[in-house]
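Here the protein sequences come in this chain order: A and B.
For the first sequence, position 193 matches number 193 in full-length UniProt numbering, and the numbering has no gaps at all.
For the second sequence, position 166 matches number 166 in full-length UniProt numbering, and the numbering has no gaps at all.
Think of the CB as a built atom: it goes at the ideal place given N, C-alpha and C, for glycine as much as any other residue.
All remarks here apply to the structure that follows.
Protein chains: 2
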Amino acid sequence: MQKNIKAWMESNRSNGVKLLQKLVQENSTRGNEYNAQAVIIEKCRQMGMHLDIWDMKRENLEEHPFFKCDRENFEGNPNVCAVWKGGGGGRSLILNGHIDVVPAGDEKDWEMDPFSGAVKDGKLFGRGSTDMKGGTVSLLLAIQALMELGISLRGDVIFQSVIEEESGGSGTLSAVMRGYKADGAIIPEPTNMKLFIKQQGSMWFRIKVKGKSSHGGTRYEGVNAIEKAVKVVAALGKLEQKRNEKITDPLYEGIPIPIPINIGKIESGSWPSSVPDLAIIEGRMGVGPSEKMEDAEKELAACIDQICREDRWLQEHPLELEWFGGRWQPGDLDKGHPLVETIQHSYKCVLARPPKIEASPWGTDGGILSKGADIPVVVFGPGRTEAAHDANEYIEIDKIFEAAEIIALTIIDWCGAE
Amino acid sequence: MQKNIKAWMESNRSNGVKLLQKLVQENSTRGNEYNAQAVIIEKCRQMGMHLDIWDMKRENLEEHPFFKCDRENFEGNPNVCAVWKGGGGGRSLILNGHIDVVPAGDEKDWEMDPFSGAVKDGKLFGRGSTDMKGGTVSLLLAIQALMELGISLRGDVIFQSVIEEESGGSGTLSAVMRGYKADGAIIPEPTNMKLFIKQQGSMWFRIKVKGKSSHGGTRYEGVNAIEKAVKVVAALGKLEQKRNEKITDPLYEGIPIPIPINIGKIESGSWPSSVPDLAIIEGRMGVGPSEKMEDAEKELAACIDQICREDRWLQEHPLELEWFGGRWQPGDLDKGHPLVETIQHSYKCVLARPPKIEASPWGTDGGILSKGADIPVVVFGPGRTEAAHDANEYIEIDKIFEAAEIIALTIIDWCGAE
Numbered sequence: 001m002q003k004n005i006k007a008w009m010e011s012n013r014s015n016g017v018k019l020l021q022k023l024v025q026e027n028s029t030r031g032n033e034y035n036a037q038a039v040i041i042e043k044c045r046q047m048g049m050h051l052d053i054w055d056m057k058r059e060n061l062e063e064h065p066f067f068k069c070d071r072e073n074f075e076g077n078p079n080v081c082a083v084w085k086g087g088g089g090g091r092s093l094i095l096n097g098h099i100d101v102v103p104a105g106d107e108k109d110w111e112m113d114p115f116s117g118a119v120k121d122g123k124l125f126g127r128g129s130t131d132m133k134g135g136t137v138s139l140l141l142a143i144q145a146l147m148e149l150g151i152s153l154r155g156d157v158i159f160q161s162v163i164e165e166e167s168g169g170s171g172t173l174s175a176v177m178r179g180y181k182a183d184g185a186i187i188p189e190p191t192n193m194k195l196f197i198k199q200q201g202s203m204w205f206r207i208k209v210k211g212k213s214s215h216g217g218t219r220y221e222g223v224n225a226i227e228k229a230v231k232v233v234a235a236l237g238k239l240e241q242k243r244n245e246k247i248t249d250p251l252y253e254g255i256p257i258p259i260p261i262n263i264g265k266i267e268s269g270s271w272p273s274s275v276p277d278l279a280i281i282e283g284r285m286g287v288g289p290s291e292k293m294e295d296a297e298k299e300l301a302a303c304i305d306q307i308c309r310e311d312r313w314l315q316e317h318p319l320e321l322e323w324f325g326g327r328w329q330p331g332d333l334d335k336g337h338p339l340v341e342t343i344q345h346s347y348k349c350v351l352a353r354p355p356k357i358e359a360s361p362w363g364t365d366g367g368i369l370s371k372g373a374d375i376p377v378v379v380f381g382p383g384r385t386e387a388a389h390d391a392n393e394y395i396e397i398d399k400i401f402e403a404a405e406i407i408a409l410t411i412i413d414w415c416g417a418e
Numbered sequence: 001m002q003k004n005i006k007a008w009m010e011s012n013r014s015n016g017v018k019l020l021q022k023l024v025q026e027n028s029t030r031g032n033e034y035n036a037q038a039v040i041i042e043k044c045r046q047m048g049m050h051l052d053i054w055d056m057k058r059e060n061l062e063e064h065p066f067f068k069c070d071r072e073n074f075e076g077n078p079n080v081c082a083v084w085k086g087g088g089g090g091r092s093l094i095l096n097g098h099i100d101v102v103p104a105g106d107e108k109d110w111e112m113d114p115f116s117g118a119v120k121d122g123k124l125f126g127r128g129s130t131d132m133k134g135g136t137v138s139l140l141l142a143i144q145a146l147m148e149l150g151i152s153l154r155g156d157v158i159f160q161s162v163i164e165e166e167s168g169g170s171g172t173l174s175a176v177m178r179g180y181k182a183d184g185a186i187i188p189e190p191t192n193m194k195l196f197i198k199q200q201g202s203m204w205f206r207i208k209v210k211g212k213s214s215h216g217g218t219r220y221e222g223v224n225a226i227e228k229a230v231k232v233v234a235a236l237g238k239l240e241q242k243r244n245e246k247i248t249d250p251l252y253e254g255i256p257i258p259i260p261i262n263i264g265k266i267e268s269g270s271w272p273s274s275v276p277d278l279a280i281i282e283g284r285m286g287v288g289p290s291e292k293m294e295d296a297e298k299e300l301a302a303c304i305d306q307i308c309r310e311d312r313w314l315q316e317h318p319l320e321l322e323w324f325g326g327r328w329q330p331g332d333l334d335k336g337h338p339l340v341e342t343i344q345h346s347y348k349c350v351l352a353r354p355p356k357i358e359a360s361p362w363g364t365d366g367g368i369l370s371k372g373a374d375i376p377v378v379v380f381g382p383g384r385t386e387a388a389h390d391a392n393e394y395i396e397i398d399k400i401f402e403a404a405e406i407i408a409l410t411i412i413d414w415c416g417a418e
């Protein structure tokens, strides 16, 4: 069977590459997911899968405690689930990929059009190639291979192409709320072919720092919000250090900062000769795999209070902390879990060596599946972690097919075949 | 004569207030100076002054080493000079006011329309009332009073209403290049009725700080431009301290920071979960009254070099320093100069006490007149320093007429009368 799968992959190589090109060429940044979803829908329809396509509604999502999202309207940019029903008696498996991509950033940093899908030296380039349309193609190839090789599964395979992962996971949350559940799940985020069985969660914060404006020539009559913001940046650095010193999980060995606090944005002032009276800092706080979001929230809030206590101006003009945008639940699966063992076994069959098992440096939709629906999740995919969100994002084409083979074998093992 | 002037001011009080209201009600922010200039032109025409109205041309200004300006087009927003020719044998005097105002800022911070010109409790409110249309009205009242009282001057009075002061002084520079020169000049910027005989110069800088982007969850793979920018802010603080320790001029006694380095703006990043790869800092460097701009430039450049030398990343990705926007030449007049003594004397006549003499915390067009045309300059005006550039800017109406009286007496003393 493994040989047949490999042979199928080889003969379908150009089809797989073309599918990924089509997906990358559809710019599916937030609010523009439709055209890329249309490619997915078309493919699943051709494969004969049972399709469920739905527009999410904010009022429904708001009922869930995990919902954290600043997008008002999802209309016209649907979620997609496609089910390959098994004959019964096997374990079910969710294969989840997100269709949304982060913005291309400054186009000048790209050597070519960010949505080219160009192929060069065995790599396919473009925003979303690695994160994570390449992974999604691996999933579809794995399913298609088994179908075309005539496999009859016992357990169900539930393929999901969701929106909103990059903004906090409302797409996967919506699928959970719609009732999709399974005995296990694989999410092919860009892990460099490693198995991430734990995932760092994360949440976004915004800190407003007040100052007092004045003319720059008499700046001592004002209070510079940038100078106060510098204190906040320093204190967040110390908090990050303190939180990371507590992480002892051996999976994080060699990771310089297991749960970083990233300062992603600062904006203050509008005129060189004026003292700015407001600075806004935005960032991302990493949450440990087994940490509660609420506890991390409290730690940051306490740090902010402490900064204010130590500064006379800030005592009277306290910093404002706000949690905004998305949040990504952490995830935590035991190394000995059967799903981990199954994927490990498939990996060894295909690549003749054991996979590396690590904790992921970012939250994925896995947190929502595991914390929100009690589904064991392994994050494993063909993309390059370092290329995600970066200019000149790319994926190695060989890896897409290696991952597809491994996932195909895992489906057979996990779901069982007649 | 002093009594006659005072009486004239009293009987022309409402005319003076109306003139200032008209000027404030014309929003003359950069690029929109025309309508306020039209009010000035109409007034000078009525007074029978010899008018010179011209559109500045960038290609002409570019020939002057002081020219530093990011505005491409001055067309339709003219400079105005109005001359009251003397009979000969006296000293000439330039009376210079700028018509441009800084933007109103956030209208929510204003208790009324920023361009209302409303009068309340002896104050006239609105952007430009203090900085410096109120001062300009004092100049025009002084001239009109002397004219209507039948004075025949020996020296010329050259009234100037210029654009671009808030952006670096191209308006006054253009007047200098057009050949306007005099034996002395008064600029009624908002000095709280103090005499500023020295003025801090200033220039704008922009520092580009490069980082390396990465995902926030693996932020150790990137280099956060904000963290490097924090180093720059700290180093500029130290440079400011070092520069100010060298200032020993007794005129700066009691001024906490005679020549500040103001960080006016910082911008970095666009996504909370990404490590930003660029931070842009903009600010204003104060220049000592007798310091050369070039020397101040060199000091900042050396500081930037030093920061780079001490940081391995910045050694390979050096900070970029750029001087942009306007620059305001410093000014420096001796306390014993006859122009200072003349104004002091007039001041004592009108207010029965000596004026305070200080160094100004900001550059004015005075620097261009003194450094560019060797004209002795005193900055003295009725506006409130603290109200300039602020929300709810206002001027005390009494002060406008006090300043006008003092300037009228000064004109007689300085220019001489038949």
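- If you compare the alpha carbons of A:Gly-117, A:Ile-158 and A:Gly-367 with that of Pro-289 (chain A), the shortest gap goes to A:Gly-367.
- Collapsing the DSSP output to three states places Cys-349 (chain A) in a helix.
- Annotated three-state conformation of Asn-35 (chain B) is helix, per DSSP.
- Here the alpha carbon of Pro-354 (chain B) sits roughly 11 Å from the alpha carbon of Glu-341 (chain B).
- Taking C-beta separations shorter than 7 Å and ignoring five residues to either side along the sequence, the partners of Lys-348 (chain B) in its chain run Pro-354, following chain order.
- In the three-state reduction of the DSSP assignment, Cys-69 (chain B) falls in the coil class, being assigned neither a helical nor a strand state.
- Glu-322 (chain A) and Phe-205 (chain A) do touch by the CB rule: their CB atoms are close to 7 Å apart, below 8 Å.
- Apart from sequence neighbours up to five positions away, the residues of its chain that approach Lys-212 (chain A) with a beta-carbon distance below 6 Å are Gly-222, Val-223 and Asp-277, ordered along the chain.
- Gly-48 (chain B) is classed as exposed because its beta carbon has fewer than 16 other beta carbons within 10 Å across all chains shown.
- In the DSSP annotation of this structure, the continuous segment of the alpha helix (DSSP H) that includes Met-147 (chain A) starts and ends at 134-148.
- Taken in chain order, the members of the stretch 387-398 of chain B whose beta-carbon sits within less than 8 Å of a beta-carbon on chain A are Ala-388, His-389 and Asp-390.
- Cβ-Cβ separation between Ile-263 (chain A) and Ile-226 (chain B): approximately 5 Å, consistent with a contact (criterion under 8 Å).
- Residue burial annotation: Met-9 (chain B) is buried, with at least 16 other C-beta atoms found within 10 angstroms of its C-beta.
- Counting along the chain, Arg-13 (chain B) sits inside the alpha helix (DSSP H) bounded by residues 13-25.
- The beta carbon of Leu-351 (chain B) sits closer than 7 Å to those of Glu-402, all from its chain and outside the five residues before and after it, given in chain order.
- The stretch 299-307 of chain B makes contact with the stretch 237-251 of chain B: 3 or more CB pairs, one atom from each, lie closer than 8 Å.
- Cβ atoms of Phe-115 (chain A) and Gln-25 (chain A) come within 8 Å of each other, at about 6 Å.
- Here DSSP, grouped into helix, strand and coil, assigns Leu-93 (chain A) to strand.
- Val-232 (chain A) carries a helical assignment under DSSP once its states are collapsed to helix, strand and coil.
- Contact residues of the stretch 356-382 of chain A toward chain B are Pro-361 and Trp-362 (C-beta to C-beta distance below 7 Å).
- With a 10 Å radius around the Cβ and a threshold of 16 neighbouring Cβ atoms, Asp-109 (chain A) comes out exposed.
- Only residues of its own chain outside the window of five on either side were considered, and among them Arg-91 and Ser-92 have a CB closer than 6 Å to the CB of Asp-183 (chain A), listed in chain order.
- The bridge partners DSSP lists for Leu-278 (chain B) are B:Lys-210.
- Spanning the alpha carbons of Gly-31 (chain A) and Met-132 (chain A) requires a straight line of approximately 17 Å.
- Only those residues of the stretch 84-104 of chain B whose C-beta falls short of 9 Å from the nearest C-beta of chain A are listed: Val-102 and Pro-103.
- DSSP places Val-176 (chain B) in the uninterrupted alpha helix (DSSP H) bounded by 170-177.
- The residue from B:Leu-141, B:His-50 and B:Gly-128 with its alpha-carbon nearest to that of Glu-165 (chain B) is B:Gly-128.
- Counting the other CB atoms within 10 Å of its CB gives Gln-200 (chain A) a total of 16 or more, which places it among the buried residues.
- Pairing Gly-331 (chain B) with Val-287 (chain B) gives a Cβ-Cβ distance that is not under 8 Å.
- Within the stretch 350-409 of chain B, complete alpha helix (DSSP H) segments of at least 4 residues are found at 366-373, given in chain order.
- Cα atoms of Asp-55 (chain A) and Pro-318 (chain B): separation of roughly 49 Å, rounded to the nearest angstrom.
- Going by C-alpha positions, Arg-71 (chain B) is about 15 Å away from His-64 (chain B).
- For Pro-258 (chain B), the closest alpha carbon among the candidates B:Ala-279, B:Glu-291 and B:Ser-273 is that of B:Glu-291.
- A straight-line Cα-Cα distance of about 37 Å links Gly-97 (chain B) and Ala-279 (chain B).
- Within chain A, no residue has its CB atom less than 7 Å from the CB of Asn-244 (chain B), the nearest being about 11 Å off.
- At a cut-off of 8 Å between C-beta atoms, Tyr-347 (chain A) does not count as an interface residue with respect to chain B.
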